[in-house]
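Beneath this line is the structure, given in structure tokens, with notes to follow.
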Amino acid sequence: MMGIHSKKSGEFLAGYGLIMPTLILLGIIVFYPLIHTFYLSFFDTSLVLPKPEFIGLQGYGKIIKSKILWIVIKNSFIWTVIVVIFQFIIGLASAILLNQKFKGRALARAIVILPWVTPGVIVAMVWRLMYHPQLGLLNRFLFDLGLIKNYVAWLGYPNTALYAVIISAIWKGFPFSTIMYLAALQTVPQELYEAANLDGANRWQSFFRITIPQIMPVI
């Protein structure tokens with residue numbers, strides 16, 4: 775028994791030893807900047823002053839009293855709700871379609887994940903060009919359809935800029951949801967759907983009573 779216990783302890787320590795370099799790197803890259811930024815928030819830093827001046831919680835007091843804080847909170851709430859809902863809907867719909875058998879399915883799956891694997895800098899540049907007031911494809915498309923009379927600076931106004939960025943965030947993030955839901959759908963036993971068909975269940979009943987409960991842990 776002592777030998778087994780020692781072996782398990784050795785494997786446990788070996789596991790920690792393997793991930794320790796990653797944890798150290800993560801601490802340097804992520805946690806140290808966070809802690810250092812929190813420390814600097816208690817100081818008034820200026821290029822004019824020879825060294826930062828300690829101000830305590832005054833900076834936080836100014837933030838709480840500022841109207842901009844509540845605008846940021848409202849926009850963050852709108853961003854979170856819309857992005858989460860639409861990434862779920864689009865991701866699940868895409869996963870269901872890609873789970874069907876059709877010609878070119880492998881190519882379609884590869885194309886779907888392109889937004890997710892594309893670097894964020896490139897995605898930002900592409901969407902910025904699409905939203906361009908004069909050269910953007912979005913303005914040209916909407917103008918040709920007669921939906922707008924004049925070209926719009928989508929990123930030039932607070933109301934339109936928020937939703938323009940939300941759309942790009944949904945486009946960038948929904949493939950990850952698609953991959954997760956697709957993996958979950960492939961684990962659902964086909965026997966459940968066959969039994970449901972024998973019982974006379976339609977597609978919507980099978981979806982809500984079989985598909986959703988089976989993939990709920992992923993959702």
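Residue numbers for the sequence shown follow the numbering used here, beginning at 775 and rising by one.
Beta carbons: idealized from backbone N, C-alpha and C, even for Gly.
Quick caveat, the model's predicted, so the values are computed rather than measured.
Presumed contact (8 Å Cβ cut-off) between residue i and residue j, rounded CB distance
{"i": "Trp-1044", "j": "Pro-889", "result": "In the structure displayed, the chain extends from 775 to 993; residue 1044 sits before or after that span and is not available."}
{"i": "Gly-947", "j": "Gln-861", "result": "5 Å"}
{"i": "Thr-985", "j": "Val-962", "result": "7 Å"}
{"i": "Val-886", "j": "Leu-872", "result": "7 Å"}
{"i": "Tyr-955", "j": "Leu-866", "result": "5 Å"}
Distance between residue j and residue i (C-alpha atoms, nearest Å)
{"i": "Gln-960", "j": "Ile-953", "result": "11 Å"}
{"i": "Leu-797", "j": "Phe-805", "result": "10 Å"}
{"i": "Ser-868", "j": "Ile-859", "result": "14 Å"}
{"i": "Val-857", "j": "Gly-835", "result": "31 Å"}
{"i": "Tyr-967", "j": "Gly-894", "result": "40 Å"}
{"i": "Gly-830", "j": "Asp-818", "result": "9 Å"}
{"i": "Ala-880", "j": "Ile-896", "result": "25 Å"}
{"i": "Gln-988", "j": "Ser-951", "result": "16 Å"}
{"i": "Arg-914", "j": "Val-926", "result": "10 Å"}
{"i": "Ile-922", "j": "Pro-795", "result": "55 Å"}
{"i": "Phe-876", "j": "Ser-850", "result": "40 Å"}
{"i": "Ala-970", "j": "Gln-979", "result": "9 Å"}
{"i": "Arg-977", "j": "Arg-983", "result": "10 Å"}
{"i": "Leu-916", "j": "Val-992", "result": "37 Å"}
{"i": "Ile-793", "j": "Ile-941", "result": "37 Å"}
{"i": "Met-775", "j": "Ala-788", "result": "Its pLDDT being 47, under 50, Met-775 is placed unreliably by the model, and nothing is read from it."}
{"i": "Gly-791", "j": "Lys-825", "result": "41 Å"}
{"i": "Gly-801", "j": "Trp-853", "result": "29 Å"}
{"i": "Tyr-905", "j": "Gly-920", "result": "17 Å"}
{"i": "Ser-840", "j": "Val-855", "result": "24 Å"}
{"i": "Ile-864", "j": "Ala-958", "result": "16 Å"}
{"i": "Gln-874", "j": "Leu-972", "result": "20 Å"}
Counted within 10 angstroms of its Cβ, other Cβ atoms place residue i as buried (16 or more) or exposed
{"i": "Ala-882", "result": "exposed"}
{"i": "Ala-938", "result": "buried"}
{"i": "Trp-901", "result": "buried"}
{"i": "Tyr-813", "result": "exposed"}
{"i": "Pro-807", "result": "exposed"}
{"i": "Trp-928", "result": "buried"}
{"i": "Met-878", "result": "Note that residue 878 is Gly in the sequence shown here, rather than Met. Exposed, by the Cβ-count rule."}
{"i": "Pro-932", "result": "exposed"}
Counterpart residues of residue i in DSSP-defined beta bridges
{"i": "Glu-827", "result": "Asp-818"}
Delimiting residues of the alpha helix (DSSP H) encompassing residue i
{"i": "Arg-914", "result": "911-918"}
{"i": "Gln-861", "result": "841-872"}
{"i": "Gly-947", "result": "932-959"}
{"i": "Ile-879", "result": "What sits at residue 879 in the sequence shown is Arg, not Ile. Unbroken alpha helix (DSSP H) run through Arg-879: 879-886."}
{"i": "Ile-896", "result": "894-904"}
{"i": "Pro-907", "result": "No alpha helix (DSSP H) contains Pro-907, which DSSP labels as neither H nor E."}
{"i": "Leu-921", "result": "Careful: Leu-921 lies outside any alpha helix (DSSP H) and carries neither H nor E."}
{"i": "Pro-987", "result": "986-989"}
{"i": "Leu-966", "result": "964-972"}
{"i": "Arg-983", "result": "Careful: Arg-983 lies outside any alpha helix (DSSP H) and carries neither H nor E."}
Heavy atom of the ligand MN within 7 Å of residue i beta-carbon
{"i": "Phe-816", "result": "With respect to small molecules bound, the structure shown includes none, and the ligand MN cannot be examined in it."}
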